[in-house]
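By the numbering used here, the letter at position 94 of the sequence shown is numbered 86, and the numbering carries on one by one without gaps.
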Amino acid sequence: MFMKSFRQLNAERVAQAEKLGKPDCVPVSLSMHHPFFAEFAKVKVVSYFNDPKVMTEAQLLARRRFYELRNLYPDYVIVAETSALGCKIKWQEDDSPLIFPIIEKPEDVKKLEVPDCYHSAYMAISIATYRYMEEKVGRENVDFWYSLGPFDLACLVRGQSRFFADVKNRPELAREILEITTRTIIEWTKVREEVVGEKFERVGLGDDFPGFLGPKLFREFALPYIRRVFETFPNRIHYWHSDGDVTKVLELIPEMHVEVFNNFYPDADISEFKRRIGDKVCLVGNVHPLKIMLRGTPDEVERECKRQIELAAPNGGYILSTGGEIPRGTPEENIIAMIRSAEKYGIYK
-7 MFMKSFRQLN AERVAQAEKL GKPDCVPVSL SMHHPFFAEF AKVKVVSYFN
43 DPKVMTEAQL LARRRFYELR NLYPDYVIVA ETSALGCKIK WQEDDSPLIF
93 PIIEKPEDVK KLEVPDCYHS AYMAISIATY RYMEEKVGRE NVDFWYSLGP
143 FDLACLVRGQ SRFFADVKNR PELAREILEI TTRTIIEWTK VREEVVGEKF
193 ERVGLGDDFP GFLGPKLFRE FALPYIRRVF ETFPNRIHYW HSDGDVTKVL
243 ELIPEMHVEV FNNFYPDADI SEFKRRIGDK VCLVGNVHPL KIMLRGTPDE
293 VERECKRQIE LAAPNGGYIL STGGEIPRGT PEENIIAMIR SAEKYGIYK
């Protein structure tokens, strides 16, 4: 008799939880990106980014160590979108790349245009890396569905401080930038959908900066643009990520057609999130990445996972994970403790 692997069981549980279902057990998700992968594989970040073989091998190493729970993916989010719009990228040997805004003066907005996403800068490299990974491990083991959100992309092409000043003092300029970044994300998502084909099941957006907005400005400058991206892809599962403190705008998240709110503000009270939007949006989180995952012991990780499950798992629609991404240098045993805690404490009765 064929026995399903833990990876297969977990994937089925995730699919149920995404739709606010209650699987047999709480699933677990690993939010890992270039800082963790490069450190784990003992390679420099710049080598990881500039050689698809190094990126693939680093991700494979972590995938094999952690029960194959994390699919491979072209890890160029932020770089792909900003470089395609003309931003200069400065690579650092062992840290995240620096992005230099292209719109320094209001009139520079004329430089912005929706790129040819198949052939522009690191979008083209992302596609080539996806195909390389697909050839190595098979399409079912590679993801290509996450990108920057339109608000974060606007902040990066203009500069965060300048863009927030525009929102306040030059709202028409802010809207003009958001129009271009929104169309860019839509076109980039369409291209990735074409590249992946029928396995393209999700659309994910990362928007950290909207957490600085109050409800009025969020409704005007974040919500309609994020919603427009998701509305363009109605038959996909919609993921939205924000590290910002969005507590004051929680009820607006379902209005954006978000179905899964993942790896949010690390200090958030997940019980409040569950109470306020847990019947409308699947929650993914929210073990603290620094206080618990990086600096804690396996026992402390287990206790915190148990607490998170008790607060957020009732009635389903919950996936155990971290608040934000797993930091570089996180002990392997702490990640294993989180994975095992899902089955130890997450059984639905």
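In this text, a Cβ means the ideal position worked out from N, Cα and C, and glycines have one as well. Computed from a predicted structure; not experimentally measured.
Per the DSSP calculation, residue i is bridged to which residue(s)?
{"i": "Q84", "result": "D87"}
{"i": "H111", "result": "Looking at the DSSP assignment, H111 forms no beta bridge with any residue, so it has no partner."}
{"i": "C17", "result": "I339"}
{"i": "L197", "result": "S139 and W232"}
{"i": "Y310", "result": "L275"}
{"i": "F92", "result": "K80"}
{"i": "V134", "result": "L64"}
Does the Cβ of residue i have 16 or more other Cβ atoms within 10 Å, making it buried, or fewer, making it exposed?
{"i": "R5", "result": "buried"}
{"i": "A50", "result": "buried"}
{"i": "S(-3)", "result": "exposed"}
{"i": "M248", "result": "buried"}
{"i": "G203", "result": "buried"}
{"i": "T181", "result": "buried"}
{"i": "N347", "result": "Because the chain here runs from -7 to 341, residue 347 falls outside it and cannot be looked at."}
{"i": "P27", "result": "buried"}
{"i": "M330", "result": "buried"}
{"i": "Q300", "result": "buried"}
{"i": "E243", "result": "exposed"}
{"i": "M(-5)", "result": "exposed"}
{"i": "W232", "result": "buried"}
{"i": "N193", "result": "Asn is not the amino acid found at residue 193; the sequence shown has Glu there. With fewer than 16 Cβ atoms within 10 Å of its Cβ, E193 is classed as exposed."}
{"i": "R55", "result": "buried"}
{"i": "E73", "result": "buried"}
{"i": "K102", "result": "exposed"}
{"i": "G270", "result": "buried"}
{"i": "I339", "result": "exposed"}
{"i": "D343", "result": "The chain is shown only over -7 to 341; residue 343 falls outside these bounds and no answer can be derived."}
To which residues of the same chain is residue i closer than 6 Å at the C-beta, ignoring the five residues directly before and after it?
{"i": "G316", "result": "D235, N255, P258 and P281"}
{"i": "H230", "result": "V195, F222, H249, V250 and E251"}
{"i": "F225", "result": "V195"}
{"i": "S39", "result": "V46"}
{"i": "A3", "result": "none"}
{"i": "T322", "result": "M285 and L286"}
{"i": "P44", "result": "T121 and Y124"}
{"i": "E335", "result": "C17"}
{"i": "D86", "result": "K36 and V37"}
{"i": "I172", "result": "L104"}
Kindly list the residues whose CB is nearer than 7 Å to the CB of residue i, restricted to its own chain and excluding five residues on each side of it in sequence; keep chain order.
{"i": "V71", "result": "I81, P89 and Y114"}
{"i": "D200", "result": "D144, S234, D235 and G236"}
{"i": "N326", "result": "M285, G288, P290 and V293"}
{"i": "S112", "result": "A76"}
{"i": "L53", "result": "F32 and A33"}
{"i": "K240", "result": "G206 and P207"}
{"i": "Y217", "result": "P142, F143, L170 and T174"}
{"i": "F265", "result": "L242 and L275"}
{"i": "P98", "result": "R162 and L165"}
{"i": "I262", "result": "L275, G277, N278, Q300, L303 and A304"}
In terms of residue numbering, what span does the alpha helix (DSSP H) encompassing residue i cover?
{"i": "N278", "result": "Per DSSP, N278 belongs to no alpha helix (DSSP H); it is in the beta strand (DSSP E), C274 to V279."}
{"i": "T48", "result": "P44 to R57"}
{"i": "Y68", "result": "It is not in any alpha helix (DSSP H) - Y68 carries neither H nor E in the DSSP assignment."}
{"i": "E296", "result": "P290 to A304"}
{"i": "K182", "result": "P163 to V188"}
{"i": "H423", "result": "Residue 423 is absent from the structure shown; the chain starts at -7 and stops at 341."}
{"i": "V241", "result": "Counting along the chain, V241 falls outside any alpha helix (DSSP H), and DSSP gives it neither H nor E."}
{"i": "I262", "result": "I262 to I269"}
{"i": "E247", "result": "Where E247 is concerned, there is no enclosing alpha helix (DSSP H), given that its DSSP letter is neither H nor E."}
{"i": "E99", "result": "Per DSSP, E99 belongs to no alpha helix (DSSP H) and is neither H nor E."}
{"i": "A7", "result": "F(-2) to E10"}
{"i": "R211", "result": "P207 to F213"}
I need the boundaries of the beta strand (DSSP E) containing residue i, first residue and last residue.
{"i": "W232", "result": "I229 to H233"}
{"i": "N254", "result": "V252 to N254"}
In its own chain, which residues sit with a C-beta less than 8 Å from the C-beta of residue i, not counting the 5 before and 5 after it?
{"i": "V183", "result": "C109, Y110, M115 and I119"}
{"i": "E223", "result": "H249"}
{"i": "P93", "result": "C79, L148, V149, R150, G151 and R154"}
{"i": "L209", "result": "V159"}
{"i": "E296", "result": "V279, H280, I284 and G288"}
{"i": "V35", "result": "V46 and A50"}
Any heavy atom of the ligand GDP closer than 7 Å to the Cβ of residue i?
{"i": "H26", "result": "The ligand content of the structure shown is nil, which means the ligand GDP is not present either."}
Determine whether the Cβ of residue i lies closer than 8 Å to any Cβ atom of chain B.
{"i": "F143", "result": "Looking for chain B here will not work: only one protein chain is present."}
Sufficient close CB pairs (3 or more, under 8 Å) joining the region 100 to 120 to the region 70 to 80: yes
On the three-pair Cβ rule with 8 Å, is the region 46 to 66 touching the region 132 to 151? yes
The region 305 to 316 contacting the region 14 to 23, beta-carbon criterion three pairs below 8 Å: yes
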